[in-house]
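The structure appears below as structure tokens.
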Amino acid sequence: MPSAQRASRSSSTARRANPATAPDLATTPADRLAQEPPDKLRAYYRMMQLIRRFEERAAEMYQRAKIGGYCHLNLGEEATVVGLMDAMAPHDYLFTTYREHGYALARGIDPGRVMAELFGRTTGVSKGWGGSMHLFDAETRLLGGYGIVGGQIPPATGAALAIAYRQPPGPDTPAVVCLVGDATTNIGAWHESLNLAGIWHLPIVYVIINNQLGMGTPVEKASAEPDLYKRGCAYRIPGVRVDGNDVIACREALRDALRKAREERAPSILEAVSYRLRGHSVVDPARYRSKEEAQRLLAHDPVTAFRQRLIDVGVLSADEAARIDAEVEAAVDAAVEFADNSPHPSPAELFAHAYAHPLPNMPRALPGDPLLPIE
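In structure tokens form, the structure reads like this:
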């Protein structure tokens, strides 16, 4: 490549390397906050704080060996979570990544049931079978938690196809929200699914949760187009970017996208940009970040910032905020106690739900049983 082309490409990448600081990402101004019902703003803060304290306690329980397997937290993404979930209607379908605890809480699932699932107990949302990465609740139409990167994209697209096949467009028609991480936009299932969504005009919104790191790799080092909201252009699927630290901006952007999905059968992409405050998972020490960068990211803490802004505009007093914090702390304590006192699954149920209907050769033997029956 000629040096002039390399320099041009390097300069272009540098300009796009940190989308969260782009000038089109502005926090909600005070006059717009004033247009929101105070009770709703306080409810947003309560839910953001609940997600924060729940996730911090989940990390603690993991370190105490109460939680096994992998555990990925929503720390730093609370405003994104709350804004997106408030935009959805109860009859909409949600497919998520493995970083889904906060989405389950904001979708209305009881914190005790979520924590019990993390503990692997029968009172969990997946009866202890799924754990942290596989939360599922048909009542709230949370159809997974997927542990495989991008595993949720084909079934979410299929669900949108089922809606399009069965129901006409309209304001009351369900739509599908498919959450993906930033690195997921590089896999084959992303491109295949978007192509079908574009061809068939499916009622789906693909929401890219861009916390700017694919595990430990910055977006601009893994994607030739780090403006991820543009990555549907090959399929004529439009995209927008929103400040993931702005709960109202996230809500409004998804509301608009869902309206188009329902009424116009127009799939779209929404990229929400935020900062992941800790490592990729609980066990990741995030050594790819310097201490200075870690401190800088704390200045973008959406929970602390939202609390202070509500106090500044008179929606909350410091005493009211402290009361909400105490109530949230009690709710998380109760969730941990509920999970800890819930029963473990019985070994006799090891093969339950392996198939929807009994099959002649379905597995039945427990560990330690003989391979063949003893006469």
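Residue numbers (the numbering used here): 36 to 410.
Think of the CB as a built atom: it goes at the ideal place given N, C-alpha and C, for glycine as much as any other residue.
From a predicted model like this one, the values you see are computed outputs, not experimental measurements.
In the same chain as ALA114, and ignoring 5 residues on each side of it, the C-beta atoms closer than 6 Å to its own belong to ASN280, VAL282, PRO337, in chain order.
With fewer than 16 other beta carbons inside 10 angstroms of its own, GLN202 counts as exposed.
The beta carbon of PRO395 sits closer than 8 Å to none of the beta carbons in its chain outside the five residues before and after it.
CYS285 is bridged by DSSP to nothing; it lacks a bridge partner. A Cβ-Cβ distance of about 15 Å is found for the pair HIS388 and GLY155, leaving them out of contact under the 8 Å criterion. Rounded to the nearest whole angstrom, the CA to CA distance from SER258 to ALA224 is 16 Å. Annotation: the segment 57-134 contains the following complete segments of the alpha helix (DSSP H) (minimum length 4 residues), in chain order: 65-68, 73-98, 113-122. ILE239 sits in a strand when the DSSP states are folded into three classes. Taking a C-beta distance under 8 Å as the contact criterion, GLY185 and LEU170 do not qualify as a contact pair. The Cβ-Cβ distance between GLY159 and ARG148 falls below 8 Å.
Within the segment 246-322, the runs of alpha helix (DSSP H) at least 4 residues long that lie entirely inside it are, in chain order, 254-257, 282-299. Here the C-alpha atom of SER167 lies approximately 8 Å from the C-alpha atom of GLY104. Under the three-state reduction of DSSP output, ILE244 falls in the strand class. When C-beta atoms of the segment 285-305 are compared with those of the segment 206-220, three or more pairs fall below 8 Å, so the two segments count as touching. Remark: C-beta atoms of ILE243 and VAL215 approach each other more closely than 8 Å. Annotation: GLU306 to GLY274 spans about 7 Å, alpha carbon to alpha carbon.
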